[in-house]
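In the UniProt record's numbering, the protein residues as written are 1 to 83.
The structure under discussion appears below in the form of structure tokens.
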Amino acid sequence: MSDSHRTFDNLSANNYAVWAPEMEAHLKVKGVWEYADPSDTTKSWNQKEIRTWHRENNQAAGLLFMCIDESQKAHVKDVKDDP
1 MSDSHRTFDN LSANNYAVWA PEMEAHLKVK GVWEYADPSD TTKSWNQKEI
51 RTWHRENNQA AGLLFMCIDE SQKAHVKDVK DDP
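What follows is the structure, encoded as structure tokens:
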């Protein structure tokens with residue numbers, strides 16, 4: 001567990017059922033859950049909103065990737081920028 005604000009283990013080969021709701025809560029606390037579960041495919045955006053979206057999307061992707069065990073990162077390396 002490298003993030004001092006987390007209290008759960010990284011995703012491993014056998015802990016998805018425990019990890020997934022913890023990760024969802026973590027992303028919600030960080031304010032970036034919508035990037036992992038974009039249920040609002042929303043309006044037309046201006047340039048500032050698009051830049052903000054890209055920045056926060058990258059933040060969500062980074063948080064997710066950092067919460068995956070090294071042994072599992074090979075499975076997501078090609079999609080690590082897409083939460």
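Built from N, CA and C at the ideal position, the CB exists for glycine as well.
Do you know offhand how far residue i's Cα is from residue j's?
i: Ser-2; j: Ser-71; result: Caution applies to Ser-2, whose pLDDT of 46 falls short of 50 and renders its modelled position unreliable; the value that the coordinates give is listed next. Using only the alpha carbons, I get a separation of about 15 Å.
i: Trp-19; j: Lys-73; result: 15 Å
i: Asp-37; j: Trp-53; result: 13 Å
i: Met-66; j: Val-79; result: 13 Å
i: Trp-45; j: Ala-17; result: 35 Å
i: Glu-49; j: Ser-39; result: 17 Å
Just curious, the alpha helix (DSSP H) that residue i is in, first and last residue?
i: Trp-53; result: 47 to 66
Under 8 Å between the Cβ atoms of residue i and residue j?
i: Leu-11; j: Asp-69; result: yes
i: Val-29; j: Gln-59; result: no
i: Tyr-35; j: Asn-57; result: yes
i: Phe-8; j: Glu-22; result: yes
i: His-26; j: Leu-63; result: yes
> What residue ranges within the region 5 to 42 form continuous beta strand (DSSP E) runs of no fewer than 3 residues, ordered along the chain?
Replying inline: none
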